[in-house]
Structures are given as structure tokens and as C-alpha cells.
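Novice:
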């Protein structure tokens, strides 16, 4: 009798688990993992669409500008070297201008794109680390952070310039490649001095 009860409970549990399976075809696994049940109505909410390559690029570019501006604002107050402070002022202006150009290029996309300048975990960690430093130690850390950030940005711009899917963003990327290259060369010179 005890074994029959355990068997009956097991079958009931398996039957209930089977009721929760999605009825989507096997090839549509993403829709089943992204869709969620509305707790009020019990209806399935539509899956959130994945970001388009254009949106991803715009978000990455916006975050890059945001990081450059925020880290350079720190340099304006924490740097010891006049060269570092001057470079930081140039980066604030250049990346503020870049953000304005990005917004224009994104607005000209069809459909329009709104860049979201959310810093990556690595960018936020770098800012937090820079905030703990001052003087010559800050100058060295800032120069390294700027060199790394500009190299990553340059790589992203070159890739999107070559293979981008949104013409206005592709043009933006192409226009910025020589500017970011110049910034990278400037910061490499800064690190040597």
C-alpha cells in the first residue's frame, strides 16, 4: 500500500510538471525562455526582443562616451600632472561632442534608436578604482584606463564601420575612427611622460 501511494504521488507530480511545458515548437526555444506568465491574468506575456546590432552598437558607444566623461571629470580634480588635467578637459569636450553626434545618428536610423549609456561592470569598476587614487598614482591609473578604453572603442568603431547594419550609425563610426585613433595616440604619449 505504501509503495502504491508513493507511485501515485510520483505520477501526479510528473503530470503537473508536464502541464507547465511550453507548447512552442522545438525550434523556438528562445521564445519559451524569454516569455513570462502574467500573475494577474495567467496569460503569457510576449518575449522581449533581443537588441538589434544597431541598438547594441549605440549603447556601447554611449557607454564609452559616458565612461570617458566621468573618468575625465575625476582627473580634473584628482590628477597631479597638468598634462593629464589638460588631456582630461579635452576628453570631456570631445566625448560630449561625440555623444551629441551619436544621438543625431541614432535618431536618423529607421526606426529611430535611443542610445542607453549604461556603464559596463568593468567600466564601473575602473571608475570606482580611480576614485580611490590621487596624485601620481591616479595619473598612471587614469592613463592606463584611457588607453584601454580608447583601444576597445577604436576596435568597436572599426568593426561597426566595416559591418554595421544602420547606415547613419555606420557613418558615425567611420567618422569617429580617426578621432579616436588620435585620442589613443595622445594618451599613449601621456603615459610615457
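Residue numbers (full-length UniProt numbering): 1 to 193. The beta carbon of each residue, even a glycine, is placed where N, CA and C say it ideally should be.
1) Does the distance from the CB of residue 171 to the CB of residue 105 come in under 8 Å?
2) Does residue 88 come out as helix, strand or coil in the three-state DSSP assignment?
3) Given 8 Å as the limit, is there contact between the stretch 180-188 and the stretch 71-84, that is, 3 or more CB pairs closer than that?
4) Identify whether residue 79 lies in helix, strand or coil by the three-state DSSP scheme.
5) Which of the three DSSP states is assigned to residue 172 in this structure?
6) Could you check whether residue 84 and residue 128 sit closer than 8 Å to each other, using their CB atoms as the reference points?
7) Helix, strand or coil, according to DSSP, for residue 145 in the structure here?
8) Quick check on DSSP: helix, strand or coil for residue 113?
9) Under the rule that 16 or more other beta-carbon atoms within 10 Å means buried, what is residue 132, buried or exposed?
10) Output yes or no for whether 8 Å exceeds the beta carbon distance between residue 88 and residue 79.
11) Return the CA-CA distance between residue 56 and residue 136, expressed in angstroms with no decimal places.
12) Would the beta-carbon of residue 130 fall within 8 Å of that of residue 141?
13) Mapping the DSSP letters down to three states, classify residue 52 as helix, strand or coil.
14) Grab me the residues of residue 99's own chain with a C-beta within less than 6 Å of its C-beta, minus the 5 sequence neighbours each way, in chain order.
15) Whose C-beta lies closer than 6 Å to the C-beta of residue 166 among residues of the same chain, with five residues either side of it excluded?
16) Would the beta-carbon of residue 102 fall within 8 Å of that of residue 115?
17) Over what stretch of residues does the alpha helix (DSSP H) that includes residue 131 continue unbroken?
Specialist: In terms of the structure at hand:
1) yes
2) helix
3) no
4) strand
5) helix
6) no
7) helix
8) coil
9) exposed
10) yes
11) 36 Å
12) yes
13) coil
14) 65
15) 54, 109
16) yes
17) 121-131
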